[in-house]
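Residue numbers (my numbering): 1 to 1108.
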C-alpha cells in the first residue's frame, strides 16, 4: 500500500512539472504573483487559491487550463493583445471598453496593517513607526496615498515578499507590515502577528476577458457561480485550503499533544484536590472569558460592518466608471479620487489627492465655482457647469453633480464629473448655425411662409409687410386672400403648382409670379417650398417655404431679352444696327431721344446717329462740350447732367419747335482704349439711374463698340480674307505644279526603265535596271509623303469611302517587302481575327498607305527576328459601324524612351545623327497619325528592349451585300486581247514610254499631242479606249473629254472608256476627272501593272476575232 502511494505521489509530481500544452480545447489564463491568491510554486506551476478555482471551473467545462505568469500590467497587456484568453484575479477597476469581467467574483480582498503587540486603532497610530511591505504587494500604492492624505509620517521598508515583511513584524524587527487580507489571514498565527482596524484598497478579484471572448467568459462565469453555491465544491475546498491559518501541528506534534493530555489529566486531579482554593479564581477566569468572547463577537460584527461598508465604497466609488472625487467643503481640497477620475484628468495615481478643486479651472477666478458649491450646500441646486483643464493641457467642459456628505464632524462634497464638451460644442455650433441662418435670411432678403393646410392658416414673416408695402396686420391669413393679390396671368400657374405639391406630384413647390402691393404696383416674387407633414392617409398637413423679390432680376432679364432680340435682327450695316440700339435704350429707360454721337478726327467732325422711334425732343439743344467733358473725365460709366437748360452744356441756338430736354445721361464707347463715340439718352423730366439702368447703358455701349469694330475692321477683314484665299490658291497651285512637274519626268524615267526591263538583258544589266527602278520608287514615296503631308497641313486631303477586302490589302502590302525580309531573314506573319468581315467600307488607299509605312518602318529597324501584322474589330453603337484595330509588332532595335513622345512629329527620326544608319524623311509616322485622326481614330506606340508595337484604330463599317458582290476580287490577267488605243500626251518622253508599254502588251496605238489632235484622231478612226493626259497645251484633257461626251455626232465613240494620265495629286482632282466624264485615272509615273489592271477592268473582253 505504501509503495502504491509513493508511486502515485511521484506520478503527480511529474505531471505538475510537465508543461501544459495549449491544445485545441485549452484556455490560456494569465495570472500575477499575489500569494496565496496566485503564485508560481517551486516546480514552476501556478499555485494558490485563484489557479485552483480556475482549474476547477475549466475542468467542469471540459477545458484544459494553461497558466501564463507575469505582472499585473503584463497580464492585462497579453489579454488585450490576444496572447491569453482570460486573466484571473484582475481587479474590477481595471475594466474599460476593451476588457469585460465576470459577474461572479472569485474573492474580495483588501489591504490590511498587521502588528505583533502594538495597539493600532487608526492610520494615525502609525505616525513615526517602521512599516514594512513586500515587493509583491499590490496595495502599497494605495497605502501611500492613504498615509499621504492623512499627513502621517512613517518609515517604509521593502522586503522581497509580504510573508517576509510579516515575519519581520513577528520577530520584532518592524512595528507593522502591509499585506493583503488573504495572506495575513493564512499566516498570522504561524508568524505571530495580528490584524488591526486599518483596512484599505478593497478590490473585487474576477475573471477578465476581451470583449471578443464574451461567450467563453459567460460560460466560465456561469460555472463559477454554480461552484460558489455548492458548499462542498472545489471552490470551497480551495477556500478552506488556502485561507485556513497555517502553523497547526501534525506528526510529532500529535505525540506532544498526547503527552500534554496526560499531564493535563494529572493537573485535573490536582485541581480537584485544590478545588476549593481555585474556585474563586476559576469563577473570575470564567467571567473574564465571557467578556473576551463578547469583545470578540463585537469585533467580528465591527469587522463585518466595516467590510460591508468597504464593499459599498468599492462598488459605488472605486469601481464606478464615472469620475468621482471627495472634496473637503471648507478647504476645497480633493481628499479622495477614484480611478475613473484619475483616467479622465490624466494625472498619475494619487496626484489628484490634495489638489484644490478650483485649481482645475483654466482661469484664475474660482469665485464662480465656489459660489456654485455654496448654492448646492444651501439647497439651491445640485449641478454646476464649468470648465476644467486636464493634465495634458486640454480644456474640457464639465458638469459637476454635487452631493453633501458628512464624515464625522467634517463636511465633504461628493463630486461626480460628467464630460459635456461634445454637447457644449454641439450647442455652440447650433447657436452659430442659427445665427448664420438668421444673417443669411436677412442678407438674402428672404421672406418665410408657413401654411397650415388643414386649418387654412397662412403665417407670414415680417419681411412680407415690406414686400407688399403694407402693415403687418394687413397681411393675408388665408390662401384665397393670397390668391386675390396675384396677377391674373399668374394665378392659374400658382394654383396648379400648389395642387401638384399637395398631391405629391412634385417634391418641391417652385414658381415665380407677380403680386400686387398696397401701392398698386406689381412685384415679381420667386417662391420655393415643400410639404413637410402628411397624415396617415397621405393628405398634406403643412407646407413651408420662402420667397424673395426678383423684380429687378426680371426687369434685367426682360431688358437683356430685348437686347438679344435686337441683336438677332442686326443687318450687315453697323450704322443701322446702332440706330436700332439707340431706339431700344430710349424705350427701355423711358427717355424721349436715344442717340449715338460718333467722334470724328476734327473738332467739328462728329456724326450723330439718332435712334428709331425717338420723339420730337431736340437732340440738337445740347452743346458738344458735353462730349468733351465726358472725354476729359475719361472713365466708363454713366455721365449724368440734370437741369440741362441751366447747365454749361445747353445749346446756344436750339432748334425751333423742339422742346428742350431736362436730363442728359450718356456713356462713352471705347475702342482700343480710345473714346470713339458717346451713347446718350435725353429725358424731358428728372432721371435717376438705378444700378440696373447703369448696367443696361454699359451693355448697349459694349454692343455699339462691337458694331464700331465691325465697321472699322470690315474692310481689313475683307482684305485679309482675300489675301488668305489668294495664298491658299497659290499653295494649291504650287502643290499641283510640284506634283505635275516632278511626276512628269519620273513618268519618262519609270516608263523607259520598265521598257528596258522587258528587253533581253544579262544579269548585270538586269541588276542595274532593278536598282534604278527601286531607287525611283523610293524617290516617288518620298515625294508622295511630302505632298501628302503638305495636303494634310493645308486641310486639302479628302478620304474615299469604298469597299475593300482587308485581308487582300494586308497581303498586298506584305508582298512589297518579301524580298527585303528574305534578305534580312525576317519572319513575316499576319493574324487577322475572325471578327474582321470579308469586306469593309473605307479608304483603301489610305489604309494601304498606313500599313505600308508601319510595315516599312518595322522591316527597316528589325535586323533580324519577326514582324507581325494583327487586325481585329470592335462593334460600335451604330448598326454596321465598327472600329478596325491594326497593330504592327517587331523585334527590332526599339525606340528610346525619350523619343516616344515625339516619334509622331513631322521629320522626327529615331536616329537623327549625321552618321545615322537608317534613311527616310521622318514623315511616315506623322502621316500615319494624321490619317488615323482623319478616319476617326488614334495611334499608340509601345517600345522596349524586345521591340516595338504600334497599334491604332480607325472607324470603318461593314460592307452591305451589294458592295460585297460588286467588289469581289477578280484576278487581273497579265495581258488582254489586242486593243486600239488613242494616246493623247504632249510630253514626248512620256508619250514614248506609254506607247512602248502598250505596244509591248500587243496593242495598236495612235498618238496625239494635244486635245484638238485627239478629237481629230477620234473622228477619223475606231478605238477601244482613250488614254488622255490632263495638262496639255491648247485644249487640255478635261475640256477634250467634255467635248467628246457632249458630241452627239461621234455616236457610240462618245461613250468610249477614257482614262486620265495625270501628275496631279491634289484634293478634288479625282472628283474633277470623274465629273468631266472620265472613267478612271493613272497617276504618273505610270506603272506597268497598273496599266494592265486599268485596261482589263475598263475594256470588255472581246471575242477572238481580229480587227480590221
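Glycine included, C-beta positions come from ideal geometry on N, C-alpha and C.
Problem set entry | Length-filtered (3 minimum) beta strand (DSSP E) runs lying within the segment 94-125 | 99-115
For this session: Give a yes or no on whether the C-beta atoms belonging to residue 562 and residue 502 are separated by under 8 Å.
Result: no
Exercise. Any idea if residue 860 is buried or exposed, counting beta-carbon neighbours within 10 angstroms, 16 or more meaning buried?
Worked result: buried
For this session: Take the Cβ of residue 394 as the centre, count every other Cβ of all protein chains shown within 10 Å, and call the residue buried at 16 or more, exposed below.
Result: exposed
Exercise. What are the complete beta strand (DSSP E) segments, minimum 3 residues, inside the segment 749-824?
Worked result: 802-804
Exercise. What residue does the beta strand (DSSP E) around residue 545 start on, and which one ends it?
Worked result: 540-549
Exercise. Mapping DSSP to helix, strand and coil, what is residue 689?
Worked result: coil
For this session: Enumerate in chain order the residues of its own chain whose CB-to-CB distance from residue 566 is below 7 Å, with the five nearest sequence positions on each side excluded.
Result: 580, 581, 584
Problem set entry | Nonlocal neighbours in the same chain, by C-beta distance under 6 Å from residue 1004, ignoring five residues either side | 980
Problem set entry | Exposure label - residue 1094; buried when at least 16 CB within 10 Å | buried
Exercise. In or out: residue 121 buried (at least 16 other Cβ within 10 Å) or exposed?
Worked result: exposed
For this session: With a floor of 3 residues, list each beta strand (DSSP E) that falls wholly inside the segment 824-885, ordered by position along the chain.
Result: 826-832, 840-842, 865-875
For this session: Could you check which residue in 745, 820, 752 has the C-alpha nearest to that of residue 783?
Result: 745
Exercise. When the distance is taken between beta carbons, is residue 1024 closer than 8 Å to residue 1099?
Worked result: yes
For this session: Evaluate the contact criterion for the segment 218-229 versus the segment 55-67: three or more CB pairs, one atom per stretch, below 8 Å.
Result: yes
For this session: Could you tell me whether the segment 199-211 touches the segment 124-132, using the rule of 3 or more Cβ pairs below 8 Å?
Result: no
Exercise. Is the segment 69-85 close to the segment 183-203, with three or more CB pairs under 8 Å?
Worked result: no
For this session: Using alpha carbons as the reference points, say which of 748, 1041, 233 lies closest to residue 1187.
Result: Given a span of 1 to 1108 for the chain in the structure shown, any question on residue 1187 remains unanswerable.
Exercise. Just how far apart, CA to CA, sit residue 707 and residue 630?
Worked result: 21 Å
For this session: Answer yes if the segment 442-449 comes into contact with the segment 413-428, meaning at least three C-beta pairs across the two stretches below 8 Å, and no otherwise.
Result: no
For this session: Using three-state DSSP, classify residue 510 as helix, strand or coil.
Result: strand
Exercise. How many angstroms separate the CA atom of residue 1012 from the CA atom of residue 1040?
Worked result: 7 Å
Problem set entry | Through-space distance from residue 141 to residue 107, alpha-carbon basis | 21 Å
For this session: Taking residue 1058 as part of the beta strand (DSSP E), name the residues at either end of that continuous run.
Result: 1058-1062
Exercise. Who are the near neighbours of residue 843 in its chain, counting only those whose CB is closer than 6 Å to its CB and skipping five residues on each side?
Worked result: 799, 800
Exercise. Quick one, which of 668, 42, 890 has its alpha-carbon nearest residue 694's?
Worked result: 668
For this session: Within 10 angstroms of the Cβ of residue 163, are there 16 or more other Cβ atoms? Answer buried if so, exposed if not.
Result: buried
Exercise. Is it the case that the Cβ atoms of residue 814 and residue 855 are separated by a distance below 8 Å?
Worked result: yes
For this session: Let me know the secondary structure DSSP gives residue 259 once reduced to three states.
Result: Residue confidence for residue 259 is low, a pLDDT of 46 falling below 50, so the modelled location carries little weight; the figure read from the coordinates is stated next. Three-state result, residue 259: helix.
Problem set entry | Contacting residues, own chain, Cβ-Cβ under 6 Å from residue 996 (five flanking each side not counted) | 755
Exercise. For residue 533, does the count of other Cβ atoms within 10 angstroms reach 16, so buried, or fall short, so exposed?
Worked result: exposed
Exercise. If you draw a straight line from the alpha carbon of residue 542 to that of residue 450, how long is it in whole angstroms?
Worked result: 7 Å
Problem set entry | Residue(s) in a DSSP beta bridge with residue 338 | DSSP output for residue 338 lists no bridge partner at all.
For this session: Using the Cα positions of residue 578 and residue 637, report the straight-line distance between them to the nearest angstrom.
Result: 19 Å
For this session: Return the Cβ separation of residue 50 and residue 89 in integer angstroms, given the expectation that the two are a contact with Cβ distance under 8 Å.
Result: 5 Å
For this session: Could you tell me the boundaries of the alpha helix (DSSP H) in which residue 416 lies?
Result: Looking at the DSSP string, residue 416 is not in any alpha helix (DSSP H); the run it does join, the beta strand (DSSP E), is 410-419.
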